[in-house]
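*Asks:* Handing you a structure now.
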Amino acid sequence: MATIRIPTPLRPYTNSQAEVTVSGATVGAVLGDLTQQYPTLKQHLYNDKGELRAFVNIFLNEEDIRHIRGADTPVQAQDRLMIVPSIAGGR
Amino acid sequence: MLTIPNEVLKQIQAHGERAYPNEGVGLLLGTISGSDRAATGILELTNSWPAEEQFHRYQVDGQAMLKAELEAARRGLDILGFFHSHPDHPAEASATDRDWATWPGYSYVITTIAQGRATVTRSWQLREDRSAFDEEALSLTK
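Protein sequence lines, in the order shown, are assigned to chains A and B. Take the first sequence: its position 3, counting from 1, is numbered -1 in our numbering, and each next residue is one higher. Take the second sequence: its position 24, counting from 1, is numbered 5 in our numbering, and each next residue is one higher.
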């Protein structure tokens, strides 16, 4: 089973766990398993259209999945994933 | 409540003064225990907008944030939120800040830099429904 690291503000939705063990053969399946385990997490990762929110980045072993195969990127049992936000704002 | 040692506040404000007339940005590191959020330090980040855009906005891409997340984890600290400066504008979360906000639960610490000098620092948190920011109590410690 792969491991996914949860950023600080989302830990209230994962029973305070910083890391969650997830199953699935692809990044999409793994994220599906994560939001099935913790349904209230879904609204913070996906927009109303069911797409990952624009500021949400998923890294597989520290590589951006957009530079691999996106949600279809294969996941192995020993892999580590991270959910990382891009930040932006202005006056 | 967010607690920031005076020394850390000085670092945040000095960073904003150095960035002036542009917007500066960084991460607030520390620990979380229940509703107590205690900052212990900062991690300065680079505003990645082109130079001519930096006077009114900031951004940090996912790759830079990944490095920051890994550094925070290496230090055994949580990312409490972000700080940025508003050159010659109020230390209030703007419509732009709301539109581009990430998740509720982060502190958004904003400092007014007026004519190159830090004057006011306030902290904000995004509402659960993402509709607005509310001010967060900020306590300074020695």
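Glycine is no exception: its CB is placed at the ideal position from the N, C-alpha and C atoms. As the structure is a prediction and not an experimental result, all values here were calculated from the model.
Taking just the CA atoms, how far does Pro81/A sit from Gln(-6)/B?
*Replies:* Looking at the two C-alpha atoms, the distance is approximately 24 Å.
*Asks:* Which one or two residues does DSSP pair with Leu56/A in a beta bridge?
*Replies:* Per DSSP, Glu59/A and Leu77/A.
*Asks:* Under DSSP, the alpha helix (DSSP H) around Glu(-12)/B begins and ends at which residues?
*Replies:* Asn(-13) to Ala0
*Asks:* Quick one: is Glu125/B near chain A, going by C-beta distance under 9 Å?
*Replies:* Nothing in the structure corresponds to residue 125/B, since chain B is present only between -18 and 123.
*Asks:* Leaving out the 5 sequence neighbours to the left and right, which residues in its chain are closer than 8 Å to Glu50/B when beta-carbon positions are compared?
*Replies:* Ile60
*Asks:* Run through the region -4 to 59 of chain B for me and flag every whole beta strand (DSSP E) of 3 or more residues, listed as ranges in chain order.
*Replies:* 6 to 14, 17 to 26 and 38 to 41
*Asks:* Is it the case that the Cβ atoms of Thr122/B and Pro2/B are separated by a distance below 9 Å?
*Replies:* No, Cβ-Cβ distance for Thr122/B and Pro2/B is not below 9 Å.
*Asks:* Residues of the region 86 to 99 of chain B in Cβ contact with chain A at a cutoff of 9 Å, in chain order, please.
*Replies:* Gly86, Tyr87, Tyr89 and Ile91
*Asks:* Verify the CB distance criterion: does Asp4/A have a CB-CB separation below 9 Å to chain B?
*Replies:* Per the sequence shown, the amino acid found at residue 4/A is Thr instead of Asp. Taking Cβ atoms only, chain B reaches closer than 9 Å to Thr4/A, which makes this a yes.
*Asks:* To which residues does DSSP link Ser104/B through a beta bridge?
*Replies:* Val90/B and Glu117/B
*Asks:* So what's Tyr42/A in DSSP terms, helix, strand or just coil?
*Replies:* strand
*Asks:* Within the continuous alpha helix (DSSP H) that includes Thr77/B, where are the two ends?
*Replies:* Following the DSSP letters along the chain, one finds Thr77/B inside the alpha helix (DSSP H) bounded by residues Ala76 to Asp80.
*Asks:* Going by C-alpha to C-alpha distance, which of Gly20/A, Gly24/A, Ile83/A and Ala73/A sits closest to Gly43/B?
*Replies:* Ile83/A
*Asks:* Taking its Cβ as the centre, do 16 or more other Cβ atoms sit within 10 Å of Ser112/B, making it buried, or is it exposed?
*Replies:* exposed
*Asks:* List, in chain order, every chain A residue whose beta-carbon is nearer than 8 Å to that of Ile(-15)/B.
*Replies:* In chain order: nothing, as chain A lies at least about 17 Å away.
*Asks:* Going by beta-carbon coordinates alone, are His(-4)/B and Ile13/B separated by less than 9 Å?
*Replies:* no
*Asks:* Would you list the one or two residues that DSSP bridges to Phe51/A?
*Replies:* None; Phe51/A has no bridge partner.
*Asks:* Quick one, which residues of the region 27 to 56 of chain A are near chain B if we go by CB-CB under 7 Å, in chain order?
*Replies:* Correct list: His40, Phe51, Asn53 and Phe55.
*Asks:* Apart from the five residues on each side of it in sequence, which residues of its chain come closer than 7 Å, Cβ to Cβ, to Asp29/A?
*Replies:* Val18, Ser19 and Gly20
*Asks:* Let me check understanding here. Comparing Cα to Cα, which of Gly5/B, Met(-18)/B and Ala0/B lies closest to Phe64/B?
*Replies:* Gly5/B
*Asks:* Can you tell me which of the three DSSP states Thr22/A falls into?
*Replies:* strand
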